[in-house]
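Position one of the sequence shown corresponds to residue 90 (our numbering), numbered consecutively onward.
Backbone N, C-alpha and C define an ideal beta-carbon position, used for all residues, glycine too.
Since this is a predicted model, take the numbers as computed values, not measurements.
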Amino acid sequence: MDTNALKTPATLPFKTWQAMPPTQAAREVHARVNALPADFRKAALAWLRPEIELAAELAAADASQPLHGVPYLLKDLFDLTGVPMLAGSTFLEQVRPLSTRDSEIATRLRERGASCAGKSQLVEFASGLTGENPHYGDCPHPQFPDRLSGGSSSGSAALVAAGVVPLSIGTDTGGSVRVPAAFCGLHGFRLTPRDALIADAFSLAPTMDTAGWFTANAADMLTAWTAMVGGAPSQATPRGCYLPMSVLLTSADPEIAQACDQAAAQWGERADSRTENLLLESWEGSTDAYLTIGMSEANAVHRDWLGPYRDHYDPLIWQRFHDAGNYPLGKIATARAKQKEIWAAWRQFFFDYDYLILPAAPCPAPRKADCTVELRRSIIRLTAPASLGGLPVLSIPVPLPSGMTGGLQIIVPVANSPVISWMLNR
Numbered sequence: 090m091d092t093n094a095l096k097t098p099a100t101l102p103f104k105t106w107q108a109m110p111p112t113q114a115a116r117e118v119h120a121r122v123n124a125l126p127a128d129f130r131k132a133a134l135a136w137l138r139p140e141i142e143l144a145a146e147l148a149a150a151d152a153s154q155p156l157h158g159v160p161y162l163l164k165d166l167f168d169l170t171g172v173p174m175l176a177g178s179t180f181l182e183q184v185r186p187l188s189t190r191d192s193e194i195a196t197r198l199r200e201r202g203a204s205c206a207g208k209s210q211l212v213e214f215a216s217g218l219t220g221e222n223p224h225y226g227d228c229p230h231p232q233f234p235d236r237l238s239g240g241s242s243s244g245s246a247a248l249v250a251a252g253v254v255p256l257s258i259g260t261d262t263g264g265s266v267r268v269p270a271a272f273c274g275l276h277g278f279r280l281t282p283r284d285a286l287i288a289d290a291f292s293l294a295p296t297m298d299t300a301g302w303f304t305a306n307a308a309d310m311l312t313a314w315t316a317m318v319g320g321a322p323s324q325a326t327p328r329g330c331y332l333p334m335s336v337l338l339t340s341a342d343p344e345i346a347q348a349c350d351q352a353a354a355q356w357g358e359r360a361d362s363r364t365e366n367l368l369l370e371s372w373e374g375s376t377d378a379y380l381t382i383g384m385s386e387a388n389a390v391h392r393d394w395l396g397p398y399r400d401h402y403d404p405l406i407w408q409r410f411h412d413a414g415n416y417p418l419g420k421i422a423t424a425r426a427k428q429k430e431i432w433a434a435w436r437q438f439f440f441d442y443d444y445l446i447l448p449a450a451p452c453p454a455p456r457k458a459d460c461t462v463e464l465r466r467s468i469i470r471l472t473a474p475a476s477l478g479g480l481p482v483l484s485i486p487v488p489l490p491s492g493m494t495g496g497l498q499i500i501v502p503v504a505n506s507p508v509i510s511w512m513l514n515r
């Protein structure tokens, strides 16, 4: 453990929060936030519901619901009535009206008994995987503050890992749940594109954006998944396989490659050569296809703002969005064709298997100096196949000898797959 680690309290499971009286739970959330260093708080938390309001929300929750008494944080890409949305930027509220309704995911969580404690910070406009934000500060890893939490759902992951709340909502387009879950040692789940729970969020790339969430342990993830997705227990042992890091990415950190391969082998067999070749051949060029589709869609979202608000953007993100407006139509068509090829390969894979296991990240939580274009592409090499396939993914942490963590992606064909309950019950 880093001797400079933040003095964060232990994470508490759902059941402990649910046993607290509402006033105590609200007071506990605020105490845990107030105990955070100011720079961490600014980088991770976008808005905190006043304590008296949170206590009232907790008291009003339906005690018969599975998430009653559970405080959660909502990534600031989702609306709450009367609460400004900035999406990690400095100007969005100037060009987008204040919402008069809650987002669908906040509504469903309230119906399941959960209470929104605030909104979490993120990489500007969700365009990044390492947790950097020049406006509010780069979001640190709670246990290794010289390293970053991952993104774009940086605050959502960091605040669950720091024990502030037991549940947080994120989004995942190219890995924005999977990567911070791996870096912060959390369980994560991403849904599918065009699901009702992502339809009213502020978009990065509308055809690939998904909603998702984080918990600190498997039991809470099972509770949240069952409540939000309605999944059922597995009636039989599912069949799955994995691909080792070496066939995906030769530049991965050796410690994390070994740990992920060993962990994956506990959950399934290595893919046979026919299956491995099918997947790898279809994924050739997937990184470029993902970036082409994702950034061209982001350009369409931001096109009207790139000129008048140029100086308000993170320059790196502005450049990404701007440059994508100059992509030739043939480049986009080629990327879409690659996506269809990947869809076909996934359909064929799921005739034979119930799930596929891949590593979620090529390294442990990085330092700022490590956050290069090459790292971004290496991460996307691992995450793009599920993103382009539009598939749901369970993320599970993998401990490393160093005390840091990696993660695995458990890729399934549908969000309510019984594979999820089978995995979380083991």
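By the neighbour-count criterion, in which a residue is buried when 16 or more other Cβ atoms sit within 10 angstroms of its Cβ, Asp403 is buried. Cys330 is bridged by DSSP to Glu358, Leu445.
For Ile509, the uninterrupted alpha helix (DSSP H) segment begins and ends at 507–514. The beta strand (DSSP E) runs of length 3 or more contained entirely in the segment 111–140 are, from start to end of the chain, 134–137. For Ile485, DSSP records a beta bridge to Leu497. In the DSSP assignment, Trp302 falls within the unbroken beta strand (DSSP E) covering 300–304. In the DSSP assignment, Val172 forms a beta bridge with Leu169. Between Lys427 and Ser375, the beta carbon gap of about 7 Å places them in contact (Cβ cut-off 8 Å). Nearest in C-alpha terms to Ala300, of all of Glu140, Thr326, Leu198, is Leu198. Per DSSP, Gly207 is one residue of the beta strand (DSSP E) stretching across 204–209. The residues Thr299, Ala300, Ala504, in chain order, have a CB closer than 8 Å to that of Asp284 in the same chain once the five nearest residues on each side in sequence are set aside. With respect to the C-alpha of Ala135, the residue from His224, Thr381, Phe438 having the closest C-alpha is His224.
From the listed residues Val254, Leu218, Met512, Thr494, the smallest Cα separation to Leu483 is found for Met512. In the DSSP assignment, Phe272 falls within the unbroken alpha helix (DSSP H) covering 267–273. For the pair Leu187 and Phe167, the Cα-to-Cα distance works out to about 12 Å.
DSSP places Lys164 within a strand segment (E or B) once states are collapsed to three. Exclusion of the five residues before and after Glu193 leaves Ala285, Leu286, Asp289 as the residues of its chain whose Cβ lies within less than 6 Å of its Cβ. Sequence-distant Cβ neighbours of Arg465 in its own chain, meaning closer than 7 Å and more than five residues away, are Leu218. Taken through DSSP and simplified to helix, strand or coil, Leu256 comes out as strand. Here Ala206 is near Val118, since their CB atoms are less than 8 Å apart.
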